[in-house]
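K.L.:
With UniProt numbering applied, the sequence shown corresponds to residues 1 to 328, in that order. In this text, a Cβ means the ideal position worked out from N, Cα and C, and glycines have one as well.
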Amino acid sequence: MDVLQEVRKPVLDSYFERSAVTRNHMSCAALDCEPKQNCVAFMSAISRAMSKFRLAVIQLQVTGVKRDNLSRAQRLVREAAGQGSKVVLLPECFNSPYGTSFFSMYAERIPGESTQVLSEAAKENQVYLVGGSIPEEDGGKLYNSCTVFGPDGDLILKHRKIHLFDIDVPGKIRFQESETLSPGNSLSMFETPFCKVGVGICYDMRFAELAQLYSRQDCQLLVYPGAFNMTTGPAHWELLQRARALDNQVYVATASPARDETASYVAWGHSTVVNPWGEVISKAGAEEAVIYADIDLQYLDDIRQQIPITTQRRNDLYAVTQAQEGSR
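#1: Taking the alpha carbon of A107 as the reference point, which residue from Q249, G139, V130 has its own alpha carbon closest?
#2: Nearest-angstrom Cα distance between D154 and R109?
#3: Using a Cβ-Cβ cut-off of 6 Å (strictly less than) and excluding sequence neighbours within five positions of Q228, which residues of its own chain qualify?
#4: Since L89 contacts P257 with CB under 8 Å, what's their CB separation in whole angstroms?
#5: Please classify Q126 as buried or exposed, where buried requires at least 16 other C-beta atoms within 10 Å of its C-beta.
#6: Leaving aside the five residues before and after T310 along the sequence, list all residues of the same chain whose C-beta is less than 7 Å from its C-beta, in chain order.
#7: Contact check, R223 vs V197 under 8 Å by CB: the rounded distance?
#8: Quick one: grab the DSSP three-state call for L210.
#9: Please report the straight-line C-alpha distance between T63 and F190, rounded to a whole angstrom.
#10: From V320 to H270, what does the alpha carbon distance come to, in whole angstroms?
#11: Please list, in chain order, all residues of the same chain as V266 whose beta carbon is under 8 Å from its beta carbon, the five residues on each side excluded.
#12: Mind checking which residues open and close the beta strand (DSSP E) that includes Q322?
#13: Just to confirm, does R206 get its C-beta within under 6 Å of one of the non-hydrogen atoms of the ligand MG?
#14: Any idea if A81 is buried or exposed, counting beta-carbon neighbours within 10 angstroms, 16 or more meaning buried?
#15: Can you round the beta-carbon distance between S96 and K52 to whole angstroms, since I take them to be within the 8 Å contact cut?
#16: Excluding the five sequence neighbours on either side, which residues of its own chain have a C-beta within less than 8 Å of the C-beta of C219, listed in chain order?
#17: With 16 as the cutoff for other CB atoms within 10 Å, does I58 come out buried or exposed?
#18: Taking only the alpha-carbon atoms, compute the straight-line gap between E287 and G184 and give it to the nearest angstrom.
#19: Measuring CB to CB, does G131 end up less than 7 Å from L118?
#20: How big is the Cα-Cα spacing for L76 and F102?
#21: May I ask you to report which of helix, strand or coil DSSP gives K161?
#22: Helix, strand or coil, according to DSSP, for P135 in the structure here?
#23: In this structure, how does DSSP classify T147 when only helix, strand and coil are distinguished?
#24: What residue range does the beta strand (DSSP E) around F198 cover?
#25: State the DSSP-derived secondary structure class of P225, mapped to helix, strand or coil.
#26: What span of residues does the alpha helix (DSSP H) with F103 cover, start to end?
#27: Work out the CA separation of Q241 and V274 for me, nearest whole Å.
#28: Taking Q249 as part of the alpha helix (DSSP H), name the residues at either end of that continuous run.
#29: Under DSSP, the beta strand (DSSP E) around I291 begins and ends at which residues?
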């Protein structure tokens, strides 16, 4: 009937945007006849469907040949979209080997070759594409930068890694990103028709305050392209993701390069998605893979109602504050 068609069109034409659903719920409520029941039932079904979307995490096998990395990424983004994914996540340094000796060798300006491929892949497959990270050259400095593209292929966000990976674990690993890279200086969030997303890169995940600020800015999904190693990976990779998800009652997704035992820096792999209860709901092994998770925002809301830590915080005693406005 006409009223159902009027309800369907704005919702379906706008990727099931929440605003359209709210408006049409109000229209249904104004009806005083049998069609009202049909309309409300239809809108309830739409609301339930709208609260879920599919996320894909690509654990890419990265080689020293940039063109091959880009081609493989394009193919796997296409595969992920074919499985109904609306948001797709690539790993840290998806276009190049990870290491201080490689950053300057593979660095590009943005826009450049790699981001052009990302833009085309996002547009071709009609997805939000979180482009892992690439070494970026700008103004004589190098950054570890993540770009995000919308379904129209437009760049909607650039996040430069805030916390540089400088560690020294005696007898196991020493790594100093600061020898070649400069840090970013802003928080990075972007909107989708499904939810707001906060972005960090690898070592950024260790800093709980960043995730707390994203949560306070209404992010319901946090994504971290990362490349933990064979020392920190088995010890902390999953633990940190579950902690960030549980503390903030959000979904957390990480994308690692696949493991290459012959590389100078061996990535742990095990790309993961964690739900707001702190449970791992999808996880890769060490090899190249695409993993999927259905992000359920109604489930997230249910968790926050059951354990309402957001409203129970003692803001009169403590607070995490944002020093500057983040990019959106």
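P.N.:
Taking the coordinates as given:
#1: When only C-alpha atoms are compared, the closest one is G139.
#2: If I take the Cα positions, the gap works out to 16 Å.
#3: One detail in the question is off: residue 228 reads as Phe in this sequence, not Gln. Excluding sequence neighbours, F228 sits near W237, W268.
#4: Here L89 is actually not in contact with P257; their C-beta atoms are around 12 Å apart, not less than 8 Å.
#5: Residue environment for Q126: exposed (fewer than 16 other C-beta atoms within 10 angstroms of its C-beta).
#6: Apart from sequence neighbours up to five positions away, the residues of its chain that approach T310 with a beta-carbon distance below 7 Å are R304, ordered along the chain.
#7: Reading off the sequence shown, one finds Val at residue 223, where the question assumed Arg. Confirmed, about 6 Å.
#8: Assigned with DSSP and collapsed to three states, L210 falls in helix.
#9: Looking at the two C-alpha atoms, the distance is approximately 30 Å.
#10: Cα atoms of V320 and H270: separation of roughly 31 Å, rounded to the nearest angstrom.
#11: Closer than 8 Å at Cβ, skipping near neighbours: N229, M230, R259, D260.
#12: Here Q322 belongs to no beta strand (DSSP E), and DSSP marks it neither H nor E.
#13: This structure lacks the ligand MG; in fact it carries no ligand of any kind.
#14: Counting every other CB atom within 10 Å of its CB across the protein chains shown gives A81 a total of 16 or more, marking it as buried.
#15: Rounded to whole angstroms, the Cβ separation of S96 and K52 is 35 Å, and the two are not in contact under 8 Å.
#16: Shown here for C219: same chain residues with a beta carbon closer than 8 Å to its own, the five before and five after excluded, namely M189, C195, K196, V197, G198, V250 in chain order.
#17: Classification for I58: buried.
#18: Between the alpha carbons of E287 and G184 lies a distance of about 30 Å.
#19: Yes.
#20: Roughly 24 Å separates the two Cα atoms.
#21: Three-state DSSP puts K161 in coil, outside helix and strand.
#22: Strand, per DSSP.
#23: Looking at T147 - three-state DSSP - the assignment turns out to be strand.
#24: Checking the sequence, you will find Gly at residue 198 rather than Phe. 196-199 is the extent of the beta strand (DSSP E) around G198.
#25: P225: strand per DSSP, three-state reduction.
#26: Its alpha helix (DSSP H) spans residues 100-106.
#27: So the two alpha carbons sit approximately 7 Å from each other.
#28: Judged by DSSP secondary structure, Q249 falls outside any alpha helix (DSSP H); it is assigned neither H nor E.
#29: Start and end: 289-296.
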